[in-house]
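Q:
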Amino acid sequence: MTGRILHFGPGNFHRAHQAIFTQQAGGWTITGVSLKSAETRDALAGQAFDYTLVIRDADGERMERMTVLDDILVAPENPDAVLDTLADGSVQVVTVTVTEKGYHLNADGRLNLSDPEVAADLDTNLPRTLVGYLARGLMRRQIDMAGPISVISCDNLSGNGAKLRTAVMDFAQAAGLGLTLSEATFPDTMVDRITPRAPDDLSDRVAAMDLPSAAPVVTEGFSEWVIADDFAGLRPAWETAGARLVADVAPFEARKLRMLNGAHSMLAYAGLNRGFVHVHEAVADPDLRGRCRALMQAAAGTLHGVGEDELRIYGEALIVRFDNPALQHALAQIAMDGSQKMPVRIGAVLSELAATGGDTGPHVFALAEWCRFVIGQDGTALDDPMAERLAKAAREGDPVSALLNVIGIGLPEVEMELVRASLRGTTDGHTKGTAI
Ligand code: CS2
Numbered sequence: 021m022t023g024r025i026l027h028f029g030p031g032n033f034h035r036a037h038q039a040i041f042t043q044q045a046g047g048w049t050i051t052g053v054s055l056k057s058a059e060t061r062d063a064l065a066g067q068a069f070d071y072t073l074v075i076r077d078a079d080g081e082r083m084e085r086m087t088v089l090d091d092i093l094v095a096p097e098n099p100d101a102v103l104d105t106l107a108d109g110s111v112q113v114v115t116v117t118v119t120e121k122g123y124h125l126n127a128d129g130r131l132n133l134s135d136p137e138v139a140a141d142l143d144t145n146l147p148r149t150l151v152g153y154l155a156r157g158l159m160r161r162q163i164d165m166a167g168p169i170s171v172i173s174c175d176n177l178s179g180n181g182a183k184l185r186t187a188v189m190d191f192a193q194a195a196g197l198g199l200t201l202s203e204a205t206f207p208d209t210m211v212d213r214i215t216p217r218a219p220d221d222l223s224d225r226v227a228a229m230d231l232p233s234a235a236p237v238v239t240e241g242f243s244e245w246v247i248a249d250d251f252a253g254l255r256p257a258w259e260t261a262g263a264r265l266v267a268d269v270a271p272f273e274a275r276k277l278r279m280l281n282g283a284h285s286m287l288a289y290a291g292l293n294r295g296f297v298h299v300h301e302a303v304a305d306p307d308l309r310g311r312c313r314a315l316m317q318a319a320a321g322t323l324h325g326v327g328e329d330e331l332r333i334y335g336e337a338l339i340v341r342f343d344n345p346a347l348q349h350a351l352a353q354i355a356m357d358g359s360q361k362m363p364v365r366i367g368a369v370l371s372e373l374a375a376t377g378g379d380t381g382p383h384v385f386a387l388a389e390w391c392r393f394v395i396g397q398d399g400t401a402l403d404d405p406m407a408e409r410l411a412k413a414a415r416e417g418d419p420v421s422a423l424l425n426v427i428g429i430g431l432p433e434v435e436m437e438l439v440r441a442s443l444r445g446t447t448d449g450h451t452k453g454t455a456i
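Note that this note's numbering has the sequence shown beginning at 21, numbered continuously upward.
Printed below as a string of structure tokens:
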């Protein structure tokens, strides 16, 4: 079996995750689409789109030559080429890593039709956004009767497949396209591999090994991919490379978003607020290490369909991964785009804990640390698509309510007051004793 994948967002995470699963499965190639910048294409073109993956754990490093990418289309240079490729019958799988903000969703998960980029795309046949490309490209495919296609979001959204499908349909309806998606599926996925920005000296180290040295990617040894077995057409045999195909991804996704990503965001804000730079430094701090475990334990209490022992082992394995000093994973990288991440990773969990009488302390603390971080930045320094609105909210008399309101987190007044108290430093955010 052979085939071609079209991938939106050929950044480091894709090149460390889906690319290696696909390379190991064999028989398929990946054509990347960069929605904005030509940087990755320009870096990789001179080495025939090969690159080096550097896998680093506490006990050493190994390098792997990646050959699965065959081209990168830079969408703004030729939007039509991207739409044509989506309508090409040889492409039966589309994968996506554009980060949370690349979906332009409202807090209710629907496409934000008043977002200026989305609004502009509704008026043109040559789009700029992911959702614009998918809706118009899949429409072209429908007209050409080019056959089935599976569109796989590999971003950290809950119910990522269903959200992407809804966004594409919202766009199609608003643009008056007669898109039916009758031959398209949008499988949910859980993706996991910690992939920091590559350090400056990596390229030289790779060149010394006689491997392609432009735009190398650094990542950890661990990787996991769980995909809903809901494909419209052909797909790579990803299970031969270790991916799991399951009927329901939701339990895996919730476990990863609430335990890994939730703890990551807490460590990012609390760590930066205390002057740490990297994840392994923040998690080595005894107080933050305890809070990290407490947050994972509280989050685990909201999960269904995964055994208690499995969750405890998973949590301990996460601490080992966070401890990995070889990754030099910058807290600032995780702190980016908090408005998109906090509702999924912290807000939803806190609401559930509050409603069920669980321990809300660790999540209250995480929210307060995010507020402290936002208040401490001046608006322009904040790396967030909602930076302007957040900067304004941070200057209000009750910044906690204002900030949470901007990002769509609604809390009972009791929890709201606990967040304010944690921010003032009059409580450590813990309402009950937490096992540390
Ligand atoms: C991180 C994730 O930057 C972030 O927000 O929490 O990128 C995290 O490293 C990955 O989801 C791990 O799979």
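Yeah, the Cβ is synthetic: ideal placement off N, Cα and C, and Gly gets one too.
Since the structure is predicted, the reported quantities are computational estimates derived from the model, not experimental observations.
Is it true that the CB of Arg278 sits closer than 8 Å to the CB of Val188?
A: In the sequence shown, residue 188 corresponds to position 168, counting from 1. In the sequence shown, residue 278 corresponds to position 258, counting from 1. No, they are not a contact pair.
Q: Would you check whether the ligand CS2 has a heavy atom nearer than 7 Å to the C-beta of Arg213?
A: Indexing the sequence shown from 1 puts residue 213 at position 193. Yes, Cβ of Arg213 sits closer than 7 Å to a heavy atom of the ligand CS2.
Q: Check the Cβ-Cβ distances between Gly417 and every residue of chain D, and say whether any is below 8 Å.
A: This model lacks chain D altogether; it includes just one protein chain.
Q: How do the stretch 306-321 and the stretch 377-391 stand: do at least 3 beta-carbon pairs fall below 8 Å, yes or no?
A: Yes: at least three Cβ pairs fall under 8 Å.
Q: According to DSSP, Glu84 sits in a beta bridge with which residue or residues?
A: Indexing the sequence shown from 1 puts residue 84 at position 64. Per DSSP, Leu73.
Q: Looking at the secondary structure, which residues open and close the alpha helix (DSSP H) in which Leu103 lies?
A: Translated into positions along the sequence shown, residue 103 becomes position 83. Residues Pro99 to Leu106.
Q: Is any non-hydrogen atom of the ligand CS2 found closer than 7 Å to the C-beta of Leu280, if you look at the structure I gave you?
A: Translated into the one-based positions of the sequence shown, residue 280 becomes position 260. Checking the Cβ of Leu280 against the ligand CS2 gives yes.
Q: Straight-line CA distance for Ala346 to Phe242?
A: As a working mapping, residue 346 is identified with position 326 in the sequence shown. As a working mapping, residue 242 is identified with position 222 in the sequence shown. Their backbone Cα atoms lie some 13 Å apart in a straight line.
Q: Could you have a look at Asp212 and say whether DSSP puts it in helix, strand or coil?
A: In the sequence shown, counting from the first residue as 1, residue 212 sits at position 192. Of the three classes helix, strand and coil, the one that applies to Asp212 here is strand, per DSSP.
Q: Does the beta-carbon of Gln38, which I'm using as the reference point, lie nearer than 7 Å to any heavy atom of the ligand CS2?
A: Here residue 38 corresponds to residue number 18 of the sequence shown, with the count starting at 1. Gln38: no, Cβ never under 7 Å from the ligand CS2.
Q: Just verifying my parser: in three-state terms, what is the DSSP assignment at Thr260?
A: Translated into the one-based positions of the sequence shown, residue 260 becomes position 240. Helix, per DSSP.
Q: Please say whether Leu150 and Leu55 have beta carbons closer to each other than 8 Å?
A: Position 35 of the sequence shown, counted from the start, is the residue given in the question as residue 55. Position 130 of the sequence shown, counted from the start, is the residue given in the question as residue 150. Yes, the Cβ-Cβ distance between Leu55 and Leu150 is below 8 Å.
Q: Hey, which unbroken runs of the beta strand (DSSP E) at 3 residues or more fall wholly within the stretch 241-317?
A: Runs of the beta strand (DSSP E) inside the stretch 241-317: 244-248 and 264-266.
Q: Hey, quick one: how far does the alpha helix (DSSP H) through Leu26 stretch, first residue to last?
A: Within the sequence shown, numbered from 1, the residue matching residue 26 stands at position 6. Not the alpha helix (DSSP H): Leu26 falls in the beta strand (DSSP E), residues Gly23 to Phe28.
Q: Distance check for Asp128 and Ala253, CA to CA, integer angstroms please.
A: Taking the first residue of the sequence shown as 1, we reach residue 253 at position 233. Taking the first residue of the sequence shown as 1, we reach residue 128 at position 108. The sequence shown places Gly at residue 253, rather than the Ala named in the question. Those two C-alpha atoms are separated by around 30 Å.
Q: Can you tell which of Gln38, Asp79, Gly29 and Ala63 has its C-alpha closest to the C-alpha of Arg341?
A: The sequence position of residue 341 within the sequence shown is 321, counting from 1. Among Gln38, Asp79, Gly29 and Ala63, the Cα nearest to that of Arg341 is on Asp79.
Q: Using DSSP's beta-bridge definition, name the partner residues of Leu93.
A: Indexing the sequence shown from 1 puts residue 93 at position 73. Val53.
Q: Roughly how many whole angstroms lie between the Cα atoms of Asp249 and Gly23?
A: The residue labelled residue 249 in the question sits at position 229 within the sequence shown. The residue labelled residue 23 in the question sits at position 3 within the sequence shown. Going by the C-alpha atoms only, they are around 18 Å apart.
Q: What separation, rounded to the nearest whole angstrom, lies between the Cα atoms of Asp62 and Ile92?
A: Your numbering for residue 62 matches position 42 in the sequence shown. Your numbering for residue 92 matches position 72 in the sequence shown. Each residue's Cα considered, the two are about 9 Å apart.
Q: His298 to Ala192, Cα distance in whole Å?
A: Residue 298 sits at position 278 when you count from the first residue of the sequence shown. Residue 192 sits at position 172 when you count from the first residue of the sequence shown. Cα to Cα, His298 sits roughly 42 Å from Ala192.
Q: Just list the residues that DSSP pairs Ile169 with in beta bridges.
A: For the purposes of this step, residue 169 is taken as the residue at position 149 of the sequence shown. DSSP, once it has assigned bridges, lists Ala204 as partnering Ile169.
Q: Exposed or buried, which one is Arg35 when buried takes at least 16 other CB atoms within 10 Å?
A: Sequence index remark: in the sequence shown, residue 35 carries index 15 (1-based). The residue is buried, with at least 16 neighbouring Cβ atoms inside 10 Å.
Q: Val113 bridges to which residues according to DSSP?
A: Indexing the sequence shown from 1 puts residue 113 at position 93. BP columns for Val113 point to Ile25 and Ser170.
Q: Should His3 go down as buried or exposed, given a rule of 16 or more other Cβ atoms within 10 Å for buried?
A: Given a span of 21 to 456 for the chain in the structure shown, any question on residue 3 remains unanswerable.
Q: Which residue marks the beginning of the alpha helix (DSSP H) containing Val340, and which one marks its end?
A: Translated into positions along the sequence shown, residue 340 becomes position 320. Per DSSP, Val340 belongs to the alpha helix (DSSP H) from Glu328 to Asp343.
Q: Please list the terminal residues of the continuous beta strand (DSSP E) segment that includes Val237.
A: Translated into positions along the sequence shown, residue 237 becomes position 217. Counting along the chain, the beta strand (DSSP E) containing Val237 begins and ends at Val237 to Thr239.
Q: Check this for me: beta carbons of Ala290 and Glu435, under 8 Å apart or not?
A: As a working mapping, residue 290 is identified with position 270 in the sequence shown. As a working mapping, residue 435 is identified with position 415 in the sequence shown. Cβ atoms of Ala290 and Glu435: not closer than 8 Å.
Q: Asp230: buried (16+ other C-beta within 10 angstroms of its C-beta) or exposed?
A: Position 210 of the sequence shown holds residue 230. Its Cβ having fewer than 16 others within 10 Å, Asp230 is exposed.
Q: Would you mind sorting Ile427 into buried or exposed? The rule is 16 or more other CB atoms within 10 Å of its CB.
A: As a first step, residue 427 is located in the sequence shown; it is residue number 407 there, counting from the start. Buried.
Q: What number of angstroms, rounded off, separates the C-alpha of Met280 from the C-alpha of Ala139?
A: By one-based count along the sequence shown, residue 280 stands at place 260. By one-based count along the sequence shown, residue 139 stands at place 119. The question names Met, but residue 280 in the sequence shown is Leu. Cα-Cα distance, rounded: 34 Å.
Q: Which residues bound the alpha helix (DSSP H) around His383?
A: Taking the sequence shown and counting its residues from 1, the one referred to as residue 383 is at position 363. From DSSP, the alpha helix (DSSP H) with His383 extends over Gly381 to Gly396.
Q: Regarding Ile354 and the ligand CS2, is the C-beta to nearest heavy atom distance less than 7 Å?
A: Walking along the sequence shown from the start, residue 354 turns up at place 334. Result yes, Cβ under 7 Å from the ligand CS2.
Q: Given Arg76, which residues of its chain have a CB within under 7 Å of its CB, disregarding the five upstream and five downstream residues?
A: For the purposes of this step, residue 76 is taken as residue 56 along the sequence shown, with counting starting at 1. Around Arg76: Val238, Glu240, Ala346 and Leu347.
Q: Rounding to the nearest angstrom, what Cα-Cα distance links Arg130 and Leu184 in this structure?
A: In the sequence shown, residue 130 corresponds to position 110, counting from 1. In the sequence shown, residue 184 corresponds to position 164, counting from 1. Between Arg130 and Leu184, the C-alpha separation is close to 9 Å.
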